[in-house]
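To start, the structure itself, in C-alpha cells.
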Amino acid sequence: MEAGWPRYRPYIVQSLLLWAFFLASLVALTWGSGEGRWPAAALWALALVQAGSVGLQFALAYRLIARQDEFVRALTAKRMIAAAGLTIALAVLAGLAEQFLGLSHLPMWLVYPLFWGAFGMVTPFIGTSKP
Amino acid sequence: MKSRLRVLRAGLGWTQERLAETVGVSRQAINALETERHDPSLDLAYRVAAAFGLPVEQIFPNPHEEGPTP
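Here the protein sequences come in this chain order: A and B.
For the first sequence, the positions run 329 to 459 when my numbering is used.
For the second sequence, the positions run 1117 to 1186 when my numbering is used.
Structure, rendered in C-alpha cells:
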C-alpha cells in the first residue's frame, strides 16, 4: 500500500513546484501588466498556463486519491466536497457583497488557495467515511 | 458496523500495520474498521476474511439479520 494522502513524496514535490509556479506567475503577471510592460498576448499566454497549472494540480490530486484504499478515498472525497461547498459559499457571499454592499473587488483566482485552505480546515472535522 | 476485527487481530498478536499489509490497505483503514468509522465494501470484507481464514460473517456480523424478519 502506498503512503496515504497526502504523504506521497512525488505528489508533494510536484505540488510544491506547481504552487511555486502559481505564485511566480502571479508576480510576473503583476509586474508585466504594469505600465504596459508586456503585450496583452504574453499576459494572456501566462494566465492560460497558470490556469493550466491549477488544473494539473487537481489532476495530480485525483491520481493520488485513485491509488489509495477505499477508506482514504471516501474520506478525501468527503473533505473535498466540504471544502468545495465552503469555498463556493464564501465566493457567492463575496460576490453578493461586492455587487450590492460595496465590498472591494476580490480577484477570482483567490478561490484556488481558498479551496485548499478550506480543505485543510475541514480535514480535522471529517474522520469517518460514514454519512 | 460492529466487527470482531480488533479481537481477532489481537488474538493473533498482529499489529494494525501487519494486518494492513496483509490485506493491502492503509493502517488508517484498519483503524477505521476497528473503531467503526468505516463500513467495508464487500471486496474489503472478503479480503479481511481471507487474511484470517474465516467466513466474512464471523468478522463482520450481518446487521440485517439481527431483527425479526418482517
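Note that CB positions come from ideal geometry on N, CA and C, so glycine has one too.
**Message:** Please tell me whether L1160/B and S1119/B are closer than 8 Å, where the distance is taken between their beta carbons.
**Reply:** With contacts defined by Cβ atoms closer than 8 Å, L1160/B and S1119/B do not form a contacting pair.
**Item:** Helix, strand or coil at D1159/B according to DSSP, with G and I counted as helix
**Value:** Three-state DSSP puts D1159/B in a helix.
**Message:** Can you check which of these residues, R1153/B, T1131/B, H1154/B and V1141/B, is closest to R1163/B by C-alpha distance?
**Reply:** With distances taken between Cα atoms, R1163/B lies closest to V1141/B.
**Asked** Relative to chain A, which residues along the region 1160-1183 of chain B have a C-beta separation below 9 Å, given in chain order?
**Response** From the region 1160-1183 of chain B, only L1160 have a Cβ closer than 9 Å to chain A.
**Run of the alpha helix (DSSP H) containing K406/A, from where it starts to where it stops** = Counting along the chain, the alpha helix (DSSP H) containing K406/A begins and ends at E398 to L429.
**Request:** Tell me, please, whether the CB atom of F399/A is closer than 8 Å to any CB atom in chain C?
**Result:** The question asks about chain C, but that chain is absent: this structure's protein chains are A and B.
**Asked** Can you find a CB in chain B that lies within less than 8 Å of the CB of K406/A?
**Response** No, because no Cβ of chain B sits closer than 8 Å to the Cβ of K406/A.
**Request:** Would you mind giving the Cβ-Cβ distance between R407/A and V450/A, rounded to the nearest angstrom? I have them listed as a contact below 8 Å.
**Result:** About 6 Å separates the two Cβ atoms, so the contact holds.
**Item:** Selected residue, minimal CA-CA separation from D397/A, among A1126/B, D1155/B, E1181/B and P1177/B
**Value:** The candidate whose alpha carbon is nearest that of D397/A is D1155/B.
**Asked** Are I1175/B and L1128/B closer than 8 Å when you measure CB to CB?
**Response** In this structure, L1128/B does not lie closer than 8 Å to I1175/B by Cβ.
**Asked** In chain order, what residues of the same chain have a beta carbon less than 7 Å from the beta carbon of P452/A, not counting five sequence neighbours either side?
**Response** Closer than 7 Å at the Cβ level, and outside the excluded window around P452/A, lies no residue.
**Prompt:** Under 8 Å, do S432/A and R1153/B count as touching if we go by C-beta distance?
**Reply:** No. Outside cutoff.
**Request:** Output yes or no for whether 8 Å exceeds the beta carbon distance between I393/A and R401/A.
**Result:** In this structure, R401/A lies closer than 8 Å to I393/A by Cβ.
**Asked** Which of helix, strand or coil does DSSP assign to V1172/B?
**Response** Helix, per DSSP.
**Outcome for A1167/B when other beta-carbon atoms lying within 10 angstroms are tallied against a minimum of 16** = A residue is called buried when at least 16 other Cβ atoms come within 10 angstroms of its Cβ; A1167/B meets this threshold and is buried.
**Message:** Taking a contact to mean a Cβ-Cβ separation below 8 Å, would you say S353/A touches Q385/A in this structure?
**Reply:** In this structure, S353/A lies away from Q385/A, with their beta-carbon atoms at least 8 Å apart.
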